[in-house]
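Participant:
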Ligand SMILES: C[S@@+](CC[C@H](N)C(=O)[O-])C[C@H]1O[C@@H](n2cnc3c(N)ncnc32)[C@H](O)[C@@H]1O
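Residue numbers (our numbering): 1126 to 1371.
Written out as structure tokens, the structure reads:
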């Protein structure tokens, strides 16, 4: 069951819109959503301990990380010819990867199927667009849809790059994922990821980029054209060159 605690003072109308969007949201676990002026926190019991995940697009640590150059994500979603301007993040989640891409000048549409996560993300984005003068926030917008349906709909207009970051499968041999990830896994799920990936390959103008755990198999066992690695994750890049207007 979802409980809501609204502590918002300055953005009352935006908080009200968030509450309207999630008031009928059904979840088995006991979850408390705390709405603050520039953040949201989701709290629940994990291993008999109350644990909260707080998120804000104005978090200074997140913004400091976003401006770092030479990140594998930036390299994967770009190319030397600079022909990648528009990106659709097909699995937006909390929008952190999208924010990094938007900080580096890309225009990013974030698509999230889960109503609770989408409404929180949209609330945080509208506050950031209102309170901050940073250009990156104007490069972002959010939609509440199943991305597979969106890619197959008439509303889809071809993006230069389609980005996927599906939730990583739990691995028996490793420790529990981070608390943030455990809370995300409690709230939501991957929908149609392999079909989404296959649709993306025929819908992206220049490339599809998939974030994976470093040693995980590729999606649909399809070999990537380029791979950018970090310590624990990698980005598989598929060059598509679909120049047909949809
Ligand atoms: C691992 S999270 C993404 C985290 C994100 N990259 C970030 O930086 O915060 C994956 C998200 O994809 C969403 N998702 C999974 N399948 C989807 C689909 N078919 N359409 C839209 N969103 C989907 C899930 O609800 C979840 O919120």
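Note that CB positions come from ideal geometry on N, CA and C, so glycine has one too.
Tell me whether residue 1236 sits in a helix, a strand or coil according to DSSP, three-state version.
Facilitator: Here residue 1236 sits in strand by DSSP.
Participant: Any chance the CB of residue 1207 is under 7 Å from a heavy atom of ligand 1?
Facilitator: Checking every heavy atom of ligand 1 against the Cβ of residue 1207, none is found closer than 7 Å.
Participant: So residue 1225 packs on residue 1191, CB below 8 Å; how close in whole Å?
Facilitator: Going by Cβ atoms, the distance from residue 1225 to residue 1191 rounds to 5 Å, so yes, they are a contact pair.
Participant: Where does the unbroken alpha helix (DSSP H) through residue 1267 begin, and where does it stop?
Facilitator: Residue 1267 -> not in any alpha helix (DSSP H); beta strand (DSSP E) instead, spanning 1265–1268.
Participant: Mind checking residue 1362: buried by the 16 CB within 10 Å criterion, or exposed?
Facilitator: Answer is buried; the Cβ neighbour count reaches 16.
Participant: To test your reading of the DSSP string, which unbroken alpha helix (DSSP H) runs of 4 or more residues are found completely within the segment 1186–1250?
Facilitator: Runs of the alpha helix (DSSP H) inside the segment 1186–1250: 1197–1201 and 1221–1228.
Participant: Using 8 Å as the cut-off, can you tell me whether the segment 1234–1241 makes contact with the segment 1144–1152, which would need three or more C-beta pairs spanning the two stretches below that distance?
Facilitator: Segments in contact, yes.
Participant: Do residue 1360 and residue 1198 have their beta-carbon atoms positioned less than 8 Å apart in this structure?
Facilitator: Yes, the pair counts as a contact, with Cβ atoms nearer than the cut-off.
Participant: Is residue 1220 near ligand 1 - that is, is its Cβ less than 7 Å away from at least one heavy atom of it?
Facilitator: Under cutoff, so the answer is yes.
Participant: Between 1285, 1221 and 1168, which has its C-alpha nearest residue 1330's C-alpha?
Facilitator: Comparing Cα positions, the closest option is 1285.
Participant: Do the segment 1308–1318 and the segment 1269–1285 touch if we need at least three Cβ pairs shorter than 8 Å?
Facilitator: Taking 8 Å as the limit for Cβ pairs, the verdict is that the segment 1269–1285 does touch the segment 1308–1318.
Participant: I need the DSSP call for residue 1150, collapsed to helix, strand or coil.
Facilitator: Residue 1150 falls in the coil class under three-state DSSP.
Participant: Kindly indicate the opening and closing residues of the beta strand (DSSP E) around residue 1289.
Facilitator: Per DSSP, residue 1289 belongs to the beta strand (DSSP E) from 1286–1289.
Participant: For residue 1262, which three-state DSSP category applies?
Facilitator: Residue 1262: helix per DSSP, three-state reduction.
Participant: From residue 1162 to residue 1346, what does the alpha carbon distance come to, in whole angstroms?
Facilitator: If you take the alpha carbons of residue 1162 and residue 1346, they lie about 44 Å apart.
Participant: With a CB to CB cut of under 6 Å and the five nearest residues on each side skipped, what residues in its chain are close to residue 1227?
Facilitator: Hits under 6 Å: 1233, 1261, 1264 and 1265.
Participant: Would you mind listing the beta strand (DSSP E) stretches within the segment 1296–1344 that are 3+ residues and don't spill past its ends, in chain order?
Facilitator: Listed in chain order, the complete beta strand (DSSP E) runs (minimum 3 residues) inside the segment 1296–1344 are 1332–1338.
Participant: Once DSSP output is grouped into helix, strand and coil, what is the label at residue 1346?
Facilitator: Residue 1346 falls in the helix class under three-state DSSP.
Participant: Here's a check: name, in chain order, each residue in its chain whose Cβ is nearer than 6 Å to the Cβ of residue 1325, leaving out the five neighbours to either side.
Facilitator: 1287 and 1333, listed in sequence order.
Participant: Looking only at its own chain, which residues have a Cβ that is under 8 Å from the Cβ of residue 1277, when we skip the five neighbours before and after it?
Facilitator: Around residue 1277: 1324.
Participant: Can you tell me whether residue 1135 is buried or exposed, with buried defined as 16 or more other CB within 10 angstroms of its CB?
Facilitator: Answer is exposed; the Cβ neighbour count stays below 16.
Participant: Using a Cβ-Cβ cutoff of less than 8 Å, which residues in the same chain neighbour residue 1371 once the five nearest sequence positions on both sides are dropped?
Facilitator: With a pLDDT of only 43 at residue 1371, under 50, the local geometry of the prediction cannot be trusted, and the value read off the model is given with reservation. If we look at residue 1371 and ignore the five residues flanking it on each side, its Cβ neighbours are 1281, 1282, 1283 and 1328.
Participant: So residue 1220 and residue 1250 are supposed to be a Cβ contact under 8 Å. How far apart are they, rounded?
Facilitator: Contact holds; Cβ gap of about 7 Å.
Participant: Quick check: is any heavy atom of ligand 1 less than 7 Å from the C-beta of residue 1163?
Facilitator: Outside the cutoff, so no.
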